[in-house]
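Quick notes on the structure that follows.
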Amino acid sequence: TGCDGVGTKLELLLERDLLETAGKDLVAMSVNDILTTGGDPLLFLDYIGIAALDEAKITRLVGGMADHLEACNCILAGGETAEMPGIVPEDVIELSGFCIGCVEKPEMIDPSTIEVGDVLVGYASDSIHANGFSLVRRVLAEFPGELDDAELEALLRPTRLYHDVVAGLRTASVRPKAMAHITGGGLPENIERLFRGCGADLEIPAWELPGIDKLLAHVDAADRFHTFNMGIGWVAIVAPGDVEKALSAGPGGVVIGEMVPDEGVRVKIRGER
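Residues in the sequence shown are numbered from 18 upward in steps of one, following the numbering used here.
What follows is the structure, encoded as structure tokens:
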């Protein structure tokens, strides 16, 4: 099961009338978590809280959800729309999403099989996705005009669904030792909770996203790794012999490191001192 929302990114999406993106983000945040188990998403439920029913807005939100759900063969089974004047402000919409998936027990991903020498393959994110936007909003408030419209729209792109990567791994007969959706806490926290008694040294490519350098210029050099996905939205940990197959499992695949005896996750950008 998965349950999530869009976080404070929703404020910027509503300001810019990007309702379809909000719907896609809502789906991806729960579906991607289901995928990390080795399972398939089966059905999705949504909750929408709004001051006054607005058919056009709700239709656009649900349309975004439906697009992402169709892409990963998951159904929108139902949901709840609550009209709450006086509780939900007129310019705000509350969103929550809930997903149920299924996996045969023998096919479940088992992170306890991770060993020193296993390789971490990362897959590119499409944007900041739906985490770290409290910091983004603070930077935008303190440095108005720092990002132009095109750059801000790039940062607000929908969260990528990684069902294609998971399907590609299956087709290539690769069973990952573990998979992680890189959300709040960034690469260190989302990866470190997968294993005990070992660690990982990561070296990732520079993040090629319009406007990201301007944003990160106002973020502490260490905090950026614990706040943003830094261009890597999904990680699969695989045996060394499966690396080449894993790299071709989905677009944006790149080796980002390997498991080492020293505990903890250390991240640096390739070519950066």
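Backbone N, C-alpha and C define an ideal beta-carbon position, used for all residues, glycine too.
query: Buried/exposed call for residue 281, threshold 16 Cβ in 10 Å; result: exposed
query: Where residue 190 falls: helix, strand or coil (DSSP); result: coil
query: Identity of the residues DSSP links to residue 61 by a beta bridge; result: 93 and 116
query: Continuous alpha helix (DSSP H) stretch holding residue 208: start and end; result: 203-209
query: Simplified DSSP assignment, three categories, for residue 164; result: coil
query: Cβ contact check for the stretch 116-134 and the stretch 231-251: 3 or more pairs under 8 Å; result: no
query: Beta-carbon proximity of residue 31 to residue 154, cut-off 8 Å; result: no
query: Bridge-paired residues (DSSP) for residue 139; result: 252 and 271
query: For residue 170, the three-state DSSP class (helix, strand or coil); result: helix
query: Residue range of the alpha helix (DSSP H) that includes residue 195; result: Counting along the chain, residue 195 falls outside any alpha helix (DSSP H), though it belongs to the beta strand (DSSP E) covering 195-198.
query: Option in 250, 187 and 217 with minimal Cα separation from residue 144; result: 250
query: Nearest to residue 118 (by Cα), restricted to the options 51, 222, 211 and 27; result: 51
query: Alpha-carbon spacing of residue 186 relative to residue 256, whole angstroms; result: 13 Å
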